[in-house]
Each structure stands twice: as structure tokens, then as C-alpha cells.
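Asker: Sequential numbering of the sequence shown, starting at 1, is according to this note's numbering. I am attaching a structure below and will ask some questions about it afterwards.
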Amino acid sequence: MKRASLLAGLMALALALGCGSAAAADLLQLKAAFIYRFAQLTQWPPPPAREFTYCVAGDAPLQEALRALAQTAGGVHIVALSEPQRASQCQLLVLGNGVRGDLRRWQDALGDDPVLIVGENPESFRNGAVIGLVI
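Structure follows, in C-alpha cells:
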């Protein structure tokens, strides 16, 4: 993927939330909302997809938060991925902390496909993810 083909930048989330299940749920919803908006604010190569596919690898709770958000939006599909070979079906790929050291494998599988890669840690951004979610 060519980073220049997408209009996106680093978004850093600095949140001071207390520990607790309500705060964790709020944080997941906030992450999902940011990820959803990243896709809306990105310039995509033509032709535009009729259904937009968000893929999540390594973060099941975030996948569920995105799925809940997608129920209110039409034309959005959420896919859980465990292997990089299926990543080319995505327009946006979230690499959770569970796949932290595998960013290069995912990038190699994507090649030059126009997929916006969002990482959930600083290392992901430094290693080539287009957006890094840093908490």
C-alpha cells in the first residue's frame, strides 16, 4: 500500500479514563467512532465501494464495538480476520495488539491494495500503519 494514496494522518488519542468496565466500554465505543470517522475522512481511489468493509485483527472487543456502530450505518460490513491473506477484501484494517509484531506480514499480503491500516500501538505507526491509536 502506498501511504501517499490515502489522505490520512496520525491521530493520537490521549484519554484519562478511570479503571472500570464502564470506562472500558466507553473507550471501545470511542475507538470505534474514531475508526469509523477515519474512513469517512479518507480519500479513496475510484470506483467507490458500494459496501465498505472494516476488518479487525487481534481485537475482538473492538470488532464488537464496530459491529454495534455499523448497525446504525448502512452499507458497512465488519469482518474479523486471523490471517493476512484475506486482508485485500478490506478498505480499512485495524491491527489490534494481538497482532502487534505481525504488521510486516499484513503489509506484504496487501501489496499495493488501497487499504487504510490502523494500528493500536505506537510501534504500528512507526512501522508503517497509516494511523496509530495511542492511549
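Built from N, CA and C at the ideal position, the CB exists for glycine as well.
Pairs of beta-carbons, one from the segment 66-86 and one from the segment 35-51, closer than 8 angstroms: are there three or more?
Answerer: Enough Cβ pairs lie closer than 8 angstroms, so yes.
Asker: Contact check, A22 vs L116 under 8 angstroms by CB: the rounded distance?
Answerer: For this step, residue 22 is matched to residue 22 along the sequence shown. For this step, residue 116 is matched to residue 116 along the sequence shown. Not a contact, Cβ separation roughly 30 angstroms.
Asker: Between Q85, A80 and L103, which has its C-alpha nearest L62's C-alpha?
Answerer: The residue labelled residue 62 in the question sits at position 62 within the sequence shown. Answer by Cα proximity: A80.
Asker: Whole angstroms are fine: how far does the CA of P46 sit from the CA of L28?
Answerer: Position 28 of the sequence shown, counted from the first residue, corresponds to residue 28. Position 46 of the sequence shown, counted from the first residue, corresponds to residue 46. Answer to the nearest angstrom: the Cα atoms are 31 angstroms apart.
Asker: State the Cα-Cα distance for the pair A8 and L41, rounded to the nearest angstrom.
Answerer: As a working note, residue 8 is residue 8 in the sequence shown. As a working note, residue 41 is residue 41 in the sequence shown. For A8, the predicted model reports a pLDDT of 31, less than 50, meaning its position is unreliable; a value from the coordinates is still stated below. If I take the Cα positions, the gap works out to 8 angstroms.
Asker: Leaving out the 5 sequence neighbours to the left and right, which residues in its chain are closer than 7 angstroms to R86 when beta-carbon positions are compared?
Answerer: By 1-based counting over the sequence shown, the position of residue 86 is 86. Cβ within range, chain order: n/a, list empty.
Asker: For the alpha helix (DSSP H) holding A57, just list the boundary residues, first then last.
Answerer: Position 57 of the sequence shown, counted from the first residue, corresponds to residue 57. Run containing A57: none in the alpha helix (DSSP H); it sits in the beta strand (DSSP E), F52 to A57.
Asker: Given a threshold of 16 other Cβ atoms within 10 Å of its Cβ, counted over all protein chains shown, does D108 qualify as buried or as exposed?
Answerer: Position 108 of the sequence shown, counted from the start, is the residue given in the question as residue 108. Classification for D108: exposed.
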